[in-house]
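Student:
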Amino acid sequence: MSFVDVIVLAGGEEGTNKAFYRIKDRYMVEHVVGTLRKSAVIDRIAVVGPKDELEPAISGIVDYVIEGTGSIVTNIILALECFPEADRILAVTSDIPMITKEAIEDFIERCMEKDVDLCYSIVDKKVNDQKYPEIRRTYARLWEGRFTGGNVFCFNPAIKDKCRDFVEKMLEYRKSPAKMAGVLGFAFLLRLALGILTINAIERKCESLLGIKAAAIISPYPEICNDVDRPSDLELIERYM
1 MSFVDVIVLA
11 GGEEGTNKAF
21 YRIKDRYMVE
31 HVVGTLRKSA
41 VIDRIAVVGP
51 KDELEPAISG
61 IVDYVIEGTG
71 SIVTNIILAL
81 ECFPEADRIL
91 AVTSDIPMIT
101 KEAIEDFIER
111 CMEKDVDLCY
121 SIVDKKVNDQ
131 KYPEIRRTYA
141 RLWEGRFTGG
151 NVFCFNPAIK
161 DKCRDFVEKM
171 LEYRKSPAKM
181 AGVLGFAFLL
191 RLALGILTIN
201 AIERKCESLL
211 GIKAAAIISP
221 YPEICNDVDR
231 PSDLELIERY
241 M
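In terms of my numbering, the sequence shown has 95 at position 95, counting the first letter as 1, and numbering is strictly consecutive.
1. Taking the CB atoms as reference points, tell me whether G60 and N17 lie closer together than 9 Å.
2. Report all residues from its chain with a CB closer than 8 Å to the CB of D124; omit the five preceding and five following residues, and keep chain order.
3. Using alpha carbons as the reference points, say which of A181, D63 and A91 lies closest to N156.
4. Between which residues of its own chain and G12 is the CB-CB distance below 6 Å, once the five residues before and five after are set aside?
5. For E30, count the other beta carbons within 10 Å of its own beta carbon; 16 or more makes it buried, fewer makes it exposed. Which is it?
6. Identify the continuous alpha helix (DSSP H) that holds V73 and give its terminal residues.
7. Return helix, strand or coil for Y27, following the three-state DSSP convention.
8. Say whether the segment 213-228 touches the segment 107-119, bearing in mind that this needs 3 or more beta-carbon pairs closer than 8 Å, one atom from each stretch.
9. Quick check: the Cα distance between K126 and P220, rounded to an integer number of angstroms?
10. Mark G150 as exposed unless 16 or more other C-beta atoms lie within 10 angstroms of its C-beta, in which case mark it buried.
11. Helix, strand or coil, according to DSSP, for F246 in the structure here?
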């Protein structure tokens, strides 16, 4: 398996940055980068966020700490400057403290089998409920089952210019179904609402909108999706760690 460089997204609103929630006497971001560093397939790690706060905690185990902005997309582009020669990058959020080396390596292996520009992790509700019955997630009902999005994706850096405006627009419109429909199409959203949209149809929509090849990777590891949204989640997550 090839070595992969990683971007860890550790930004957040001032005073509420989840990367610095503490679990078992360590920051969440420490758990995440510690797990990444255990993997033999991970090469360099760049963490984007508040540099002055991050460096004392993780500078000894990551290769780059980059001052972030308020934009997820901009943060990714800033971090890409650390890896100018990379043809594939793994991106991970800093709020999945239960993530395991096995989950990361399995996802990377599945991505390497795909000849695509973007791989996004998803997890079946049955898999998550079986291992973590107390953890509640938001699921999309698709033709193949009910799935939740993961917090790990892999992409070819060459797509950044094609995708930047679209991703920023989707983040801006995420709470406005009408605006989302204007971009994705009413028929697409209707099929999603009715639970008859297929994974393949979503992949084809990405290709038609962005001109890239995308693939959803169904991970058997629910740790890849279980993020911490609020401080009240910490006690529950800690019980499973």
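Note that beta-carbon positions come from the ideal geometry of N, C-alpha and C, so glycine has one too.
Tutor: So, from the listed chains and residues:
1. The Cβ atoms of G60 and N17 lie no closer than 9 Å to each other.
2. Contacts found: G145, R146, F147 and I218.
3. Of the candidates A181, D63 and A91, the one whose C-alpha sits nearest the C-alpha of N156 is A91.
4. When the five nearest sequence neighbours on each side are left out, the beta carbons in the same chain lying within less than 6 Å of the beta carbon of G12 are those of K18, in order along the chain.
5. Its Cβ being crowded by 16 or more others within 10 Å, E30 is buried.
6. Boundaries of the alpha helix (DSSP H) harbouring V73: I72 to L80, taken from the DSSP string.
7. Reduced to three states, the DSSP call for Y27 is strand.
8. These segments touch.
9. Cα to Cα, the separation comes out at about 10 Å.
10. Result: buried.
11. A question about residue 246 goes unanswered here, because the residues of the chain that appear run from 1 up to 241.
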